[in-house]
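Residue numbers (my numbering), protein chains in the order written: chain P, 10 to 229; chain S, 1060 to 1484.
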Amino acid sequence: MIKLEKVSKTYFTDKVQTLALKDIDLHVQKSEFVCIMGPSGCGKSTLLNIIGLLDRPGAGAIHVGGREVQSYKDKHVAKLRNDTFGFIFQSFHLINDLRVIDNVELPLLYRSMPGSERRERARAALEKVGLGARMEHYPNQLSGGQQQRVAIARAMVGQPGVLLADEPTGNLDSKMGAEVMDILLKLNEEGTTVVMVTHDENEARRAHRIVRVFDGQLVA
Amino acid sequence: MLKNYLLTAWNVFQRRKLFTAINLACIVLTLVVLLVVTALLQEAFYPSGVEHRSNRFLQVHMMEATNEKGTAISRSPLGYRVIDKYLKPMPGVEMVATVSGIEPTAVIMNGASTELNMRHADAEYWRVMDFKVLAGRVPNEDDVAQGRMVAVLARSMALKLFGDPAPLNRKLETGGQTFTVIGVVQDAMHLNAYADIWVPVTAYPNTDFRHRMTGNFFALLLARSPDDLPAIRAEVHRIAGKMDFAGDPEFTKGEMWADSKIDMFARTLTGSKDINPDTGVVIPGGKIIGGANLVLGGVMILMLLFMLLPALNLVNLNVGRIMERSTEIGVRKAFGASNNQLAAQLVLENVLLCLAGGAIALVLAAGVLWWMEAAGPIPYLKVGLNLAVFGWGLLITVVFGVLSGVVPAMKMSRLDPVHALKGAA
């Protein structure tokens, strides 16, 4: 499904070069649940961003669905992100100026789809995460756990093949975190590939595989 | 998608009320000035009101006489003889009207002196122009031929002098002559129409004016169709070259220009003069390559420059506003928005804000024009925000919106999504 070959990434500031990732080889299978773990600043989020085509590697190759994609232009990368990936962020990143239903609809805006179908799909996604009654609310009217469930609904509304979650329970208490994990596991059981960054060993143990990163490199 | 964009825009405007208010104030102020100027320019140069036939008439306001060596040049308005002998008989026109420039005079009524702007005009003048006659009639060929001492008053002047909007058959004395009022017309401020009182061209105290090559007259040449105008221009040029200055041996060669209103304005500004007699167009490489296009281009550039300063200010404000929304930009990118789609969204928001400003500005501009009509800084001004001005206003608004939105939109749409998501635009 996703294959990284010798991927490296270096950040440059005025005088400092920081090697964020070095020679990463990673293969994520379809319907797999992979957890990326490691200490703060080790390159976990950078790896996730590169997998999700939000960031470009300095070297190496990325294959998505068998196609090498790092040379794609912005328009094609945008289309690939829209078709293939759903993102869940630690800080939810909902758009506060939009209602919950409009937030969830957002990925479908960038597809050729009638408004009624978009609305229907967004409604179904919200009901799936138990927020069917909160569609007309604004994000800041919801609790953290509810906001993260909205974010999950947004990530899955386009039925992407891969969900990329960057510490999705990091800002939630344990009960809400468990609820979010349950939803992700359920989506994975239904066939969605999940790649999740986490610090929590208990959550990671529920994944099929744990990938550990240290100083920008994968460790056994 | 559009609905989502509109919804986002509406919520953004509501959430950032101060920013929205500052932006709107900036837009409204700029657009009010532009709309008022556009309305005045349109009224001055576009066929409207008494000059609604101006798309098919040309004006000959000025003639130039030079000596054989080209060392002495005399420029002046036309004498009656030039119009009567050379222009009236010219082929290819529907009619040629004669009218004097504004002649300041005074009339004493009830012991008080009132200053007036007078014109002497022939009967054709009243047919080329389309005055709205409010009472009585305008002079005809017979009045002019007989040299009758009749006068037409503008409505405001009729009220001022007589306290009566229709003082027909009343007498007024000016310049030692007594005129009988035979008609009252609607006030008009157009270039060739503006006056307080009109009398027949033959009402001068003596007939010397008939024999002069230079004077205070100009001619209005009404074409049968706007398509005939280039040929008329060429014919006027040809006629000018054959004028006989026998009475004034110093000069041997004449030149005249038949101009549209805007061409005449351009010529006043630029002094352009060299015209191809076959095509009637200004010859490139002549003294000045000028004319209407130059003036229109200049007006457009001035308007754009005028919009540029507030636009730059808005660009700054917009960059600040959009930077606050960098996370949203990152989210939209993450979920599949391309750079172009994001730029379109941000520009649309700006255009919407400008359209809202445009709507407010239209109302305010109408108010300003109403005030200008009522308070009278420009005599007899009758100008409103008609559909053409509204169209200009809309165009200006959209240009303004794009101008002030496209730079920040392009810049912000190219944000790296990872940095945008961190809110580090």
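Quick reminder that beta carbons are idealized off the backbone N, C-alpha and C, glycines included.
Selected residue, minimal CA-CA separation from residue i, among the options
i, options, result
"residue 1370 (chain S)", "S:1413, S:1470 and S:1195", "S:1413"
"residue 1087 (chain S)", "S:1273, S:1423, S:1470 and S:1442", "S:1423"
"residue 163 (chain P)", "P:129, P:183, P:225 and P:112", "P:112"
"residue 1108 (chain S)", "S:1218, S:1164 and S:1253", "S:1253"
"residue 15 (chain P)", "P:25, P:36, P:24 and P:23", "P:36"
"residue 1246 (chain S)", "S:1193, S:1262, S:1277 and S:1226", "S:1193"
"residue 157 (chain P)", "P:206, P:138 and P:114", "P:138"
"residue 167 (chain P)", "P:205, P:91 and P:151", "P:91"
"residue 42 (chain P)", "P:223, P:226 and P:213", "P:213"
"residue 78 (chain P)", "P:170, P:133, P:11 and P:28", "P:11"
"residue 1149 (chain S)", "S:1299, S:1202, S:1177 and S:1373", "S:1299"
"residue 1231 (chain S)", "S:1248, S:1212 and S:1304", "S:1212"
"residue 1112 (chain S)", "S:1273, S:1224 and S:1281", "S:1281"
"residue 1067 (chain S)", "S:1391, S:1106 and S:1444", "S:1391"
"residue 1210 (chain S)", "S:1402, S:1244 and S:1183", "S:1244"
"residue 9 (chain P)", "P:208, P:228, P:209 and P:204", "As shown, chain P starts at 10 and ends at 229. That puts residue 9 (chain P) outside it, with no answer to give."
"residue 121 (chain P)", "S:1407, S:1060, S:1286 and S:1160", "S:1060"
"residue 1276 (chain S)", "S:1142, S:1082 and S:1480", "S:1142"
"residue 1179 (chain S)", "S:1104, S:1286, S:1151 and S:1257", "S:1257"
"residue 1249 (chain S)", "S:1292, S:1440, S:1474 and S:1264", "S:1440"
"residue 196 (chain P)", "P:220, P:210 and P:165", "P:165"
"residue 1374 (chain S)", "S:1103, S:1077, S:1140 and S:1465", "S:1465"
"residue 1214 (chain S)", "S:1207, S:1205, S:1208 and S:1224", "S:1224"
Range of the contiguous beta strand (DSSP E) that encloses residue i
i, result
"residue 1166 (chain S)", "1162 to 1168"
"residue 227 (chain P)", "226 to 228"
"residue 1276 (chain S)", "1276 to 1281"
"residue 98 (chain P)", "First-last for residue 98 (chain P): undefined, no H or E at that position."
"residue 1312 (chain S)", "1312 to 1315"
"residue 175 (chain P)", "171 to 175"
"residue 1159 (chain S)", "1154 to 1159"
"residue 1231 (chain S)", "1230 to 1233"
"residue 1135 (chain S)", "1132 to 1135"
"residue 1194 (chain S)", "1192 to 1195"
Cα-Cα separation between residue i and residue j, rounded to whole angstroms
i, j, result
"residue 1347 (chain S)", "residue 1353 (chain S)", "Confidence at residue 1347 (chain S) is low in this model, with a pLDDT of 34, below 50, so the placement of that residue is unreliable and no value is reported for it."
"residue 40 (chain P)", "residue 34 (chain P)", "19 Å"
"residue 1311 (chain S)", "residue 1092 (chain S)", "48 Å"
"residue 1085 (chain S)", "residue 1079 (chain S)", "10 Å"
"residue 1095 (chain S)", "residue 1378 (chain S)", "30 Å"
"residue 1472 (chain S)", "residue 1064 (chain S)", "15 Å"
"residue 1367 (chain S)", "residue 1398 (chain S)", "25 Å"
"residue 1357 (chain S)", "residue 1262 (chain S)", "42 Å"
"residue 176 (chain P)", "residue 206 (chain P)", "5 Å"
"residue 1170 (chain S)", "residue 1220 (chain S)", "11 Å"
"residue 1288 (chain S)", "residue 1117 (chain S)", "7 Å"
"residue 1295 (chain S)", "residue 1320 (chain S)", "16 Å"
"residue 1327 (chain S)", "residue 104 (chain P)", "59 Å"
"residue 1075 (chain S)", "residue 115 (chain P)", "22 Å"
"residue 1133 (chain S)", "residue 1272 (chain S)", "11 Å"
"residue 1460 (chain S)", "residue 1442 (chain S)", "27 Å"
"residue 1100 (chain S)", "residue 1145 (chain S)", "32 Å"
"residue 17 (chain P)", "residue 1417 (chain S)", "52 Å"
Any non-hydrogen atom of the ligand FAD closer than 7 Å to residue i Cβ
i, result
"residue 78 (chain P)", "Within the structure as shown, the ligand FAD is missing, as the structure has no ligands at all."
Which residues DSSP lists as bridging residue i, in chain order
i, result
"residue 214 (chain P)", "The partner list for residue 214 (chain P) (beta bridge, DSSP) is empty, contrary to what the question assumes."
"residue 1257 (chain S)", "S:1178 and S:1211"
"residue 36 (chain P)", "P:12"
"residue 76 (chain P)", "P:73"
"residue 1457 (chain S)", "DSSP lists no partner for residue 1457 (chain S)."
"residue 59 (chain P)", "According to DSSP, residue 59 (chain P) bridges with nothing at all."
"residue 26 (chain P)", "P:21"
"residue 1118 (chain S)", "S:1279 and S:1318"
"residue 1236 (chain S)", "S:1233"
"residue 220 (chain P)", "P:45"
Host alpha helix (DSSP H) of residue i (start-end)
i, result
"residue 1248 (chain S)", "Counting along the chain, residue 1248 (chain S) falls outside any alpha helix (DSSP H), and DSSP gives it neither H nor E."
"residue 1413 (chain S)", "1398 to 1434"
"residue 1084 (chain S)", "1076 to 1104"
"residue 1297 (chain S)", "1288 to 1300"
"residue 1389 (chain S)", "1385 to 1393"
"residue 1060 (chain S)", "Neither: residue 1060 (chain S) is in no alpha helix (DSSP H) and is coded neither H nor E."
Neighbour list for residue i in chain B, Cβ cutoff strictly below 9 Å
i, result
"residue 63 (chain P)", "Protein chains in the displayed structure are P and S, and chain B is not among them."
Could you name the residues of the stretch 1377 to 1399 of chain S whose beta carbon sits closer than 9 Å to any beta carbon of chain P, in the order they occur along the chain?
1384, 1386, 1387, 1389, 1390, 1391, 1392, 1393, 1394, 1395, 1396, 1397, 1398 and 1399
Contact list for the stretch 113 to 134 of chain P against chain S, Cβ threshold 8 Å:
114, 115, 116, 118, 119, 120 and 124
Between the stretch 81 to 93 of chain P and chain S, which residues of the former have a C-beta closer than 8 Å to a C-beta of the latter?
83, 84, 87, 88, 90, 91 and 92
Using Cβ-Cβ distances below 8 Å, what residues of the stretch 1061 to 1078 of chain S are close to chain P?
1062, 1063, 1066, 1067, 1070, 1071 and 1074
So if I threshold CB-CB distances at 7 Å, which residues from the stretch 1454 to 1465 of chain S count as touching chain P?
none
Within 9 Å of chain S by C-beta, residues of the stretch 136 to 150 of chain P in sequence order:
147
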